[in-house]
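Data block below; observations after.
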Amino acid sequence: MTAAIGSSTAGSTTSAYSATNTSAAADAASSTSSNTDGGRDSDSVTLSDTAKAYLATTAASDTSETSTAPDLAAQARAWFDEQYGKLGVTSPLIDGEVAVDFTGQSRATLAAVAANAKGLFSPDEQKAAAQALQSRFESAMASHVVLARHTGDYASLYQAASDYLNAAGDDERSTVAWKLQSQALAQGLTAASKSWGKAPDTGNVDDPVRALLDKTAQSTATADAGDPASLAAQARAMLDAQANKARDSGTELVFDKARRVGTQVDFSKFDNQSLALVALNQDGSFSGEEARAARKELDQRNRTTLMNAFDPSNGGGVAGASLALLSLYSGMSAAEKAALGYGDRVQNQIVQSYRTISMLQQSTADSSAGSSATPSLSSYF
Numbered sequence: 001m002t003a004a005i006g007s008s009t010a011g012s013t014t015s016a017y018s019a020t021n022t023s024a025a026a027d028a029a030s031s032t033s034s035n036t037d038g039g040r041d042s043d044s045v046t047l048s049d050t051a052k053a054y055l056a057t058t059a060a061s062d063t064s065e066t067s068t069a070p071d072l073a074a075q076a077r078a079w080f081d082e083q084y085g086k087l088g089v090t091s092p093l094i095d096g097e098v099a100v101d102f103t104g105q106s107r108a109t110l111a112a113v114a115a116n117a118k119g120l121f122s123p124d125e126q127k128a129a130a131q132a133l134q135s136r137f138e139s140a141m142a143s144h145v146v147l148a149r150h151t152g153d154y155a156s157l158y159q160a161a162s163d164y165l166n167a168a169g170d171d172e173r174s175t176v177a178w179k180l181q182s183q184a185l186a187q188g189l190t191a192a193s194k195s196w197g198k199a200p201d202t203g204n205v206d207d208p209v210r211a212l213l214d215k216t217a218q219s220t221a222t223a224d225a226g227d228p229a230s231l232a233a234q235a236r237a238m239l240d241a242q243a244n245k246a247r248d249s250g251t252e253l254v255f256d257k258a259r260r261v262g263t264q265v266d267f268s269k270f271d272n273q274s275l276a277l278v279a280l281n282q283d284g285s286f287s288g289e290e291a292r293a294a295r296k297e298l299d300q301r302n303r304t305t306l307m308n309a310f311d312p313s314n315g316g317g318v319a320g321a322s323l324a325l326l327s328l329y330s331g332m333s334a335a336e337k338a339a340l341g342y343g344d345r346v347q348n349q350i351v352q353s354y355r356t357i358s359m360l361q362q363s364t365a366d367s368s369a370g371s372s373a374t375p376s377l378s379s380y381f
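Next up, the structure:
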């Protein structure tokens with residue numbers, strides 16, 4: 001995201017915070033005043049460490065708010081160099097991830113870095129600052145995105161983003177990025193006001209709201225195949241992403257193929273173990289509709305695999321079919337076996353059947369001719 005968007009979420013609460021802490025600082029100062037005797041006025045006041053820290057923070061904040069972009073750039077340059085010395089690194093990014101703590105840096109400072117004010121910053125420093133700005137913007141917009149998707153009022157989301165952008169300082173407002181985003185948000189607000197119930201497709205690459213909606217309509221969650229909890233969390237994220245995308249399109253995610261209205265759930269990117277975990281729903285993360293739909297999909301996949309295993313055209317005869325079935329069962333996760341109702345009895349029957357057929361074939365010279373009929377699936381279960 002460009003430098004213009006994303007101010008600190010603390011910015012909107014500065015007044016309340018300052019008022020509260022001014023009182024706290026005063027109390028701290030009062031509590032540590034030099035000793036007085038009776039009504040005698042003291043000649044000096046000793047501040048506590050808490051009060052000193054507060055006043056120092058306030059002074060730094062005030063300086064940030066009144067400093068020009070060149071001043072902020074110079075301060076940021078010194079801050080980066082100090083961080084590199086402390087951390088033993090030469091860049092704020094490590095493997096593409098931000099490795100320095102921008103918490104204490106103001107929106108104006110980050111914007112100056114992202115815009116490479118005075119040409120003082122490396123590409124990595126500009127990128128890291130832009131990522132920090134984007135993260136703050138996303139945090140500030142999170143609740144508005146949820147409301148928009150559940151109420152259909154995307155105009156209010158665009159208005160909130162516009163208000164957020166307009167909270168920028170004069171230096172940030174003068175950047176090309178800020179102007180492009182401001183124009184994009186104005187267009188988005190107009191379009192959203194005319195298309196209640198769905199997010200407007202502005203087609204504008206500078207539209208930060210559209211970018212945020214698209215980002216949260218895609219699942220980037222990764223999971224450890226050996227960790228059921230991790231896989232379940234990934235499945236939850238994937239379903240949420242589909243639901244978000246459906247809402248942004250003015251519809252809803254549905255799980256019954258008989259439904260003619262809505263966006264049908266897409267399980268194509270779910271592996272069988274993930275489907276089984278959704279179907280079992282042991283941690284209650286999924287709705288009844290989601291669990292039933294996942295079970296139907298898993299059952300259908302299982303039937304298709306079984307039919308392929310017993311298809312005579314695949315060769316191998318009865319023994320080949322039994323071996324394929326045994327391989328299929330052995331490759332199933334515990335969750336798949338539980339969801340499909342495959343217990344140890346099923347495995348034992350498959351193994352015994354395979355052994356019996358193999359022995360018959362070995363003891364009969366013309367076994368292939370005498371075993372042309374395809375067995376019934378029921379004989380294995």
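Per UniProt numbering, the sequence shown starts with residue 1, numbered consecutively.
In this text, a Cβ means the ideal position worked out from N, Cα and C, and glycines have one as well.
On a predicted model such as this, the values are computed, not experimentally measured, just so you know.
8 Å Cβ shell around residue i - same chain, five flanking residues per side excluded
i           : result
leucine 298 : Asn272, Leu275, Ala276, Ala279, Glu336, Ala339, Leu340
Extent of the continuous alpha helix (DSSP H) to which residue i belongs
i             : result
glycine 288   : 288-309
serine 274    : 272-280
arginine 77   : 69-87
glycine 188   : 176-194
lysine 215    : 208-216
leucine 133   : 123-151
valine 113    : 107-114
aspartate 170 : 170-173
lysine 245    : 228-248
tyrosine 158  : 154-166
lysine 337    : 334-340
Cβ-based neighbour list, residue i, same chain, cut-off 6 Å, excluding 5 preceding and 5 following
i                 : result
alanine 117       : Ala69, Ala73
tyrosine 154      : Ala148, Ala192, Ala199
phenylalanine 286 : Val278
alanine 246       : Glu252, Leu253, Thr263
arginine 77       : Leu120
glycine 250       : Gly197, Lys198
threonine 216     : Asn244
serine 135        : none
leucine 93        : Asp124, Ala128
8 Å contact criterion, which residue i and residue j should meet: CB distance rounded
i                 : j                 : result
alanine 233       : alanine 223       : 7 Å
phenylalanine 255 : arginine 301      : About 16 Å separates the two Cβ atoms, so there is no contact after all.
leucine 157       : valine 145        : 6 Å
glycine 152       : tryptophan 196    : 6 Å
threonine 305     : leucine 328       : 6 Å
glutamine 159     : leucine 189       : 6 Å
proline 208       : phenylalanine 137 : 7 Å
Residue i - partner residues in DSSP beta bridges
i             : result
leucine 93    : Val98
threonine 263 : Leu253
Nonlocal neighbours in the same chain, by C-beta distance under 7 Å from residue i, ignoring five residues either side
i              : result
aspartate 27   : Because aspartate 27 carries a pLDDT of 45, less than 50, the predicted location of this residue cannot be relied on, and the following value inherits that uncertainty. Excluding residues within five positions, none has a Cβ falling inside 7 Å.
serine 182     : Leu165
glutamate 289  : Phe255
glutamine 83   : Val100
serine 219     : Ala237, Met238, Ala241
asparagine 281 : Ala291
Short Cβ contact (8 Å threshold) for residue i with residue j
i             : j                 : result
alanine 309   : alanine 294       : no
glutamate 172 : alanine 128       : no
leucine 231   : alanine 243       : no
alanine 140   : alanine 130       : no
serine 162    : aspartate 124     : no
leucine 180   : aspartate 206     : yes
aspartate 266 : leucine 213       : no
alanine 225   : asparagine 204    : no
alanine 229   : phenylalanine 270 : no
Any chain C beta carbon closer than 8 Å to residue i
i             : result
glutamine 134 : Absent from the structure is chain C; it holds one protein chain and no more.
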